[in-house]
Amino acid sequence: MSDEEKELSSLSCEEGRVSLEKFLREMNVKLPRCSDFFCRRSGRKLWVYCIEDELKEIVAHLIVERERIYHAGFLAGYIEEGGRFVPSLELGWELATRGAVPGELIVMLNEAEEKEFIFGRSVPVPGLPRNRKDLLLVLNKRGEFLGWGKALRGSIFPVADIGSYIRSKD
1 MSDEEKELSS LSCEEGRVSL EKFLREMNVK LPRCSDFFCR RSGRKLWVYC IEDELKEIVA
61 HLIVERERIY HAGFLAGYIE EGGRFVPSLE LGWELATRGA VPGELIVMLN EAEEKEFIFG
121 RSVPVPGLPR NRKDLLLVLN KRGEFLGWGK ALRGSIFPVA DIGSYIRSKD
């Protein structure tokens with residue numbers, strides 16, 4: 001992969017903004033910290049970074065000065081070749097710290113369920129729709145982000161969770 005391909009590709013990434021805003025609308029949440037979006041293409045993925053006003057000015061200056069920039073703000077997720085937005089764990093943390101309220105796509109787990117979920121196991125949740133194609137934002141009772149899951153047969157299956165890094169090191 002060339003250095004140019006690894007660099008942030010544009011100062012304001014419309015494709016990233018549209019994809020992230022659509023995803024947030026579907027989740028029925030807001031992300032007030034994002035004033036702009038930067039993107040970086042890597043292979044077939046377009047990585048989307050969310051950035052605040054103060055950082056935007058610094059990045060714009062660095063781009064004018066022809067400095068190489070590989071990362072700015074926080075990683076919101078990436079857009080797959082087919083156009084589907086895949087959220088990052090960082091985006092989940094941002095949503096949880098900004099007060100995401102349990103709703104149709106935001107699920108809170110109790111302590112026992114939380115442990116199972118971050119160990120990568122499915123968790124039966126009463127009242128959960130049997131099958132959902134949407135991602136679910138999964139929180140614990142303290143409102144802390146645990147991961148992203150999918151509903152299947154009345155259970156939440158982890159798609160990406162905060163325990164995955166530790167499990168990958170075994």
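Using full-length UniProt numbering, read the sequence shown as starting at 1 and increasing by one per residue.
Idealized CB from N, CA, C, for every residue including glycine.
Check: Would a C-beta distance cut-off of 8 angstroms place Phe117 and Val138 closer than the cut-off?
Finding: Residue numbering aside, residue 117 sits at position 117 when the sequence shown is read from its first letter. Residue numbering aside, residue 138 sits at position 138 when the sequence shown is read from its first letter. Phe117 is a Cβ neighbour of Val138, given a cutoff of 8 angstroms.
Next item on the list: Using the Cα positions of Lys141 and Met108, report the straight-line distance between them to the nearest angstrom.
Entry: Here residue 141 corresponds to residue number 141 of the sequence shown, with the count starting at 1. Here residue 108 corresponds to residue number 108 of the sequence shown, with the count starting at 1. Taking the straight line from one Cα to the other gives about 6 angstroms.
Item checked: Spatial distance of Leu146 from Leu91 (CA atoms) -> Walking along the sequence shown from the start, residue 146 turns up at place 146. Walking along the sequence shown from the start, residue 91 turns up at place 91. In a straight line, the C-alpha of Leu146 is about 12 angstroms away from that of Leu91.
Next item on the list: Evaluate Pro87 with the Cβ neighbour count: other Cβ atoms within 10 Å of its Cβ, from every protein chain shown; 16 or more gives buried, anything less gives exposed.
Entry: Stepping through the sequence shown from its first residue, residue 87 is reached at position 87. The residue is buried, with at least 16 neighbouring Cβ atoms inside 10 Å.
Next item on the list: Identify whether Val48 lies in helix, strand or coil by the three-state DSSP scheme.
Entry: Translated into positions along the sequence shown, residue 48 becomes position 48. It is a strand residue.
Next item on the list: Assign Ala76 to one of two classes, buried (16 or more other C-beta atoms within 10 Å of its C-beta) or exposed (fewer than that).
Entry: The count along the sequence shown starts at 1 and reaches residue 76 at position 76. Buried.
Note to self: For Leu62, which residues in the same chain have their Cβ closer than 6 angstroms to its Cβ, ignoring the five residues on either side in sequence?
What the structure shows: As a working mapping, residue 62 is identified with position 62 in the sequence shown. Closer than 6 angstroms at Cβ, skipping near neighbours: Ile69.
Margin query: Restricting to Cα atoms, I'd like to know which of Asn28, Leu20, Leu135 and Glu26 is closest to Trp47.
Written below: Taking the sequence shown and counting its residues from 1, the one referred to as residue 47 is at position 47. If we check each option's Cα against that of Trp47, Leu20 comes out closest.
Notebook entry, point to check: What are the boundary residues of the alpha helix (DSSP H) that Leu91 is part of?
Noted result: Taking the sequence shown and counting its residues from 1, the one referred to as residue 91 is at position 91. Counting along the chain, the alpha helix (DSSP H) containing Leu91 begins and ends at Leu89 to Thr97.
Item checked: CA-to-CA distance, Gly120 to Ile166, given in whole angstroms -> Position 166 of the sequence shown, counted from the first residue, corresponds to residue 166. Position 120 of the sequence shown, counted from the first residue, corresponds to residue 120. Distance between the alpha carbons of Ile166 and Gly120 is about 11 angstroms.
Checklist line | C-beta contact flag for Pro124 and Gly149 at 8 angstroms | finding: Locating residue 124 in the sequence shown gives position 124, where the first residue counts as 1. Locating residue 149 in the sequence shown gives position 149, where the first residue counts as 1. Contact: no.
Check: So, Ala60 versus Phe38, is the Cβ gap smaller than 8 angstroms?
Finding: Position 60 of the sequence shown, counted from the first residue, corresponds to residue 60. Position 38 of the sequence shown, counted from the first residue, corresponds to residue 38. No, the Cβ-Cβ distance between Ala60 and Phe38 is not below 8 angstroms.
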